[in-house]
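Asker: Those letters in the sequence shown? Residues 1 to 346, per full-length UniProt numbering, in order.
Every residue, glycine too, gets a C-beta built ideally from N, C-alpha and C.
Just so it is clear, the structure is predicted and the values come from calculations on it, not from any experiment.
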Amino acid sequence: MSWLVSIINHPTPAPRDAAPALRARKDQLLALWSRHVPATDKDGQGDYELFFEQAVRLEAALDTFGPENVWLVMATDRDAAVNAGTGERRPASEVDHLLRYGVQASKHHQDVDMEQARLSGNYYRYEAFLSRTGRRLALCGLDTGDSAAVEVGDVLASWAADGIRRAFLKATRIKYAAFPVDLPEDFRPEDAGKAIFDELGYGAMNLEGERENLIAQEFVPMEFEYRVFVVGNTVVTAAGCVEEFTPLDNDGHRFDNKLRRHRQAKSPVEAEPQTVGLLINFARDAVDALALEVPELTDYVIDVAIGADGEPLIVELNSLLNSGLYASQQCRVTAAMAVRKRDLVR
Ligand SMILES: Nc1ncnc2c1ncn2[C@@H]1O[C@H](COP(=O)(O)OP(=O)(O)OP(=O)(O)O)[C@@H](O)[C@H]1O
Ligand SMILES: [Mg+2]
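#1: What does the alpha-carbon distance come out to for the pair Glu151 and Ala19?
#2: Pull up the distance between the alpha-carbon of Pro189 and that of Gln264, whole angstroms please.
#3: Can you find a heavy atom of ligand 1 that lies under 7 Å from the Cβ of Ala178?
#4: Give a yes or no on whether the C-beta atoms belonging to Ala238 and Val228 are separated by under 8 Å.
#5: Would you report the Cα separation of residue 352 and Pro15, rounded to the nearest angstrom?
#6: To the nearest angstrom, how far is the alpha carbon of Val220 from that of Ala75?
#7: Which residues have their C-beta within less than 7 Å of a heavy atom of ligand 2, listed in chain order?
#8: Pull up the distance between the alpha-carbon of Gly141 and that of Tyr300, whole angstroms please.
#9: Does the Cβ of Ser319 have 16 or more other Cβ atoms within 10 Å, making it buried, or fewer, making it exposed?
#10: Starting from Pro38, follow the beta strand (DSSP E) in both directions and report where the run begins and ends.
#11: First and last residue of the alpha helix (DSSP H) that includes Asp182?
#12: Leu29 and Ala60: beta carbons closer than 8 Å?
#13: With hydrogens ignored, establish whether the beta-carbon of Met337 is closer than 7 Å to any heavy atom of ligand 1.
#14: Let me know the secondary structure DSSP gives Val339 once reduced to three states.
#15: In three-state DSSP terms, what is Asn69?
#16: Ignore the nearest five residues each way along the sequence and tell me which others in Arg346's own chain have a CB closer than 7 Å to its CB.
#17: Check His109 in the structure and name its three-state DSSP category.
#18: For Glu272, is the classification buried or exposed, using 16 other Cβ atoms within 10 angstroms of its Cβ as the cut-off for buried?
#19: Determine the closest residue to Phe224 out of Ala178, Leu313, Ala289 and Val287, with distance taken between C-alpha atoms.
#20: With Phe187 and Ala157 assumed to form a contact (beta carbons below 8 Å), what rounded beta-carbon distance in angstroms separates them?
#21: On the DSSP bridge list, what partners appear for Tyr300?
#22: At what residue ranges does the UniProt domain "ATP-grasp" (206–335) contain a whole run of the beta strand (DSSP E), taking only runs of 3 or more?
#23: How close, in whole Å, do the beta carbons of Ala167 and Pro180 come, if the pair is a contact with beta carbons under 8 Å?
#24: By a C-beta neighbour count over all protein chains shown, 10 Å radius and 16 as the cutoff for buried, is Gln104 buried or exposed?
#25: How about Met222 and Gly307: do their beta carbons lie closer than 8 Å?
#26: Do the CB positions of Glu218 and Arg135 come within less than 8 Å of each other?
#27: How long is the line joining the alpha carbons of Ser120 and Leu297, rounded to whole angstroms?
#28: Contact defined as beta carbons within less than 8 Å: I believe Val235 pairs with Ile280. What is the distance between those atoms, to the nearest angstrom?
#29: Hey, out of Leu137, Glu208 and Leu200, whose CA is closest to Asp146's CA?
#30: Across which residues does DSSP place Leu4 in a beta bridge pair?
#31: How would you write the range of the alpha helix (DSSP H) that Asp191 sits in, first residue to last?
#32: In its own chain, which residues sit with a C-beta less than 7 Å from the C-beta of residue 353, not counting the 5 before and 5 after it?
#33: In three-state DSSP terms, what is Pro20?
#34: By how many angstroms is the C-alpha of Met1 removed from the C-alpha of Met114?
#35: Consider the C-beta atom of Glu218 and the heavy atoms of ligand 1; say whether any pair is separated by less than 7 Å.
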């Protein structure tokens, strides 16, 4: 079974002090990288996290699939595919049909992983999510011009009247906008436009006039955010949402135990095995419910957290291939993908 593995060939980072075991691990990855990825004139100046995420993906793909089954495509040379075992070069178009692993550039992502990316991107429509949000949530639009549509201003004003003092708005368009909005007691429907303009400036115009392109949410505390990787409707690895962590920080567990209480405030990171147990059980239950409700959705990441009442909640779902890895074990993802393919072929 051959795979098309796309690698973003970031330059290598500057060396950092590290304990001997970590230094050895980094040297191993750098050696693997130099065997498969062409050198760049910026080597030694690259971003640490971006580089090691790519190096770990390369390692996981080669170890799991076997080098001779891996056709590597570099982000800077998308037209060429090189066999990682034999060094044979082919036009990328000849291996385009293969199963894919690795971060997908947006266009390719749309083409090849479209179904899984689209299905995970629609998470806010699924009952399995809506019944596990721990917060009020409404799908709405800004100045839709449609009297039958739900207006963000009406949603926010009704919440303000109910005593909710803060909301969180997120565009359904991936990575477009996500920000909090204060709701004073006298918040009126017409105040929503200004709140959105204050945050996005003229970018707000891109949101106007469409239905159901905003997810209005009650703002709730989200502590100990945790990213859970799902392949074939099965939870395979997970790690705390700690921005500066890569799989090099994994503690040896498939479900890394390290959590940060406040993701945005960068509070201290601590081992929290009990909370991790709670989050994993909750995620498994949500994954089972999603599998029943949306059977075609099989591969994704689900971010979970602990809400104000100590109860777990779902933050969001994202597509699997393009999600940041944190301190997860990426070989668990590739292994689950490879096993599934063998089952399908049999
Ligand atoms: N309803 C909410 N109340 C409070 N905080 C929230 C809420 N929704 C999300 N957040 C916080 O904002 C962050 C970003 O939200 P979300 O993950 O839904 O959007 P995103 O576009 O994926 O952003 P990012 O790439 O930063 O994760 C979350 O990780 C969480 O810390
Ligand atoms: Mg997110």
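Answerer: Answer, in terms of the structure:
#1: The straight-line gap from Cα to Cα measures roughly 55 Å.
#2: When only Cα atoms are considered, Pro189 and Gln264 end up about 29 Å apart.
#3: Residue side-chain check: Ala178 places its Cβ nearer than 7 Å to a non-hydrogen atom of ligand 1.
#4: The answer is yes: Cβ separation under 8 Å.
#5: Nothing can be reported for residue 352: it is not among the residues displayed for the chain, which extend from 1 to 346.
#6: Straight-line Cα distance between these residues: approximately 39 Å.
#7: Selection output, chain order preserved: Asp303, Val315, Glu316 and Asn318.
#8: Each residue's alpha carbon lies about 26 Å from the other.
#9: Within a 10 Å sphere around the beta-carbon of Ser319 sit 16 or more other beta-carbons, which makes this residue buried.
#10: Careful: Pro38 lies outside any beta strand (DSSP E) and carries neither H nor E.
#11: Unbroken run through Asp182 is the beta strand (DSSP E), Ala178 to Asp182; no alpha helix (DSSP H).
#12: It is not a contact, given that the beta carbons lie outside the stated cut-off.
#13: No, ligand 1 has no heavy atom inside 7 Å of this Cβ.
#14: Three-state result, Val339: helix.
#15: The answer is helix: DSSP assigns Asn69 an H, G or I state.
#16: Here Arg346 scores only 49 on pLDDT, less than 50, and its place in the model is too uncertain to base an answer on.
#17: Confidence at His109 is low in this model, with a pLDDT of 48, below 50, so the placement of that residue is unreliable and no value is reported for it.
#18: Under this definition Glu272 is a buried residue.
#19: Nearest C-alpha to Phe224: Leu313.
#20: The Cβ separation is near 6 Å, so the contact holds.
#21: Tyr300 is bridged to Val230.
#22: Within the UniProt domain "ATP-grasp" (206–335), the complete beta strand (DSSP E) runs of at least 3 residues are 214–218, 223–231, 234–240, 258–260, 269–271, 300–306 and 312–318.
#23: Confirmed, about 7 Å.
#24: The residue in question, Gln104, is buried, as its Cβ has 16 or more Cβ neighbours within 10 Å.
#25: Yes, the Cβ-Cβ distance between Met222 and Gly307 is below 8 Å.
#26: Yes.
#27: Near 7 Å, if we compare the C-alpha coordinates of Leu297 and Ser120.
#28: With a Cβ gap of about 7 Å, Val235 and Ile280 count as contacting.
#29: Ranking Leu137, Glu208 and Leu200 by Cα distance to Asp146 puts Glu208 first.
#30: Looking at the DSSP output, Leu4 shares a beta bridge with Trp71 and Arg100.
#31: Start and end: Asp191 to Leu200.
#32: Outside the shown range of the chain (1 to 346) lies residue 353, about which nothing can therefore be said.
#33: Helix.
#34: Distance between the alpha carbons of Met114 and Met1: 21 Å.
#35: Indeed, a heavy atom of ligand 1 lies less than 7 Å from the Cβ.
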